[in-house]
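Under the working numbering, the first residue of the sequence shown carries the number 258, and numbering increases by one thereafter.
All C-beta atoms in this analysis are idealised placements derived from N, C-alpha and C, irrespective of residue type, glycine included.
Model, not experiment: these values are computed from the prediction.
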Amino acid sequence: MQLRNVTRYYPEHMPFGENIQYFIDENGLDFYNSIDTFKLKYKLCIHPDTKVIHSVSENISTLYPAGFDIVESDSLPYDDIISGKYQFVDNKIIPR
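Set out below in structure tokens:
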């Protein structure tokens, strides 16, 4: 699963209340409604153009997705994954 180019939005119906920030991807997928579709262990925020990894978590709800693509991986092959030295390309984490 992946969400592409996530941005903030204001849905007509706010199921979690008005004090929550809502996010949607370029295909109209709501961030919160998509949480259960992510099945792999790690969720990563990557820059949509450069594919550089900016954040990672096992719990997708702790990520701030605005401005990023959200992708997933079963493993983290490097310790300093959010150092700016790694990209997520072709479903793999690789050095830049």
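Between leucine 260 and leucine 286, the C-beta spacing is below 7 Å. Going by DSSP, tyrosine 289 is part of the alpha helix (DSSP H) stretching over 288 to 291.
The DSSP assignment places complete beta strand (DSSP E) segments of no fewer than 3 residues inside the segment 284 to 330 at 299 to 303, 310 to 314 and 326 to 330, in order along the chain.
No Cβ-Cβ contact shorter than 7 Å links isoleucine 281 with tyrosine 267. With fewer than three CB-CB distances shorter than 8 Å, the segment 315 to 333 does not count as touching the segment 268 to 275.
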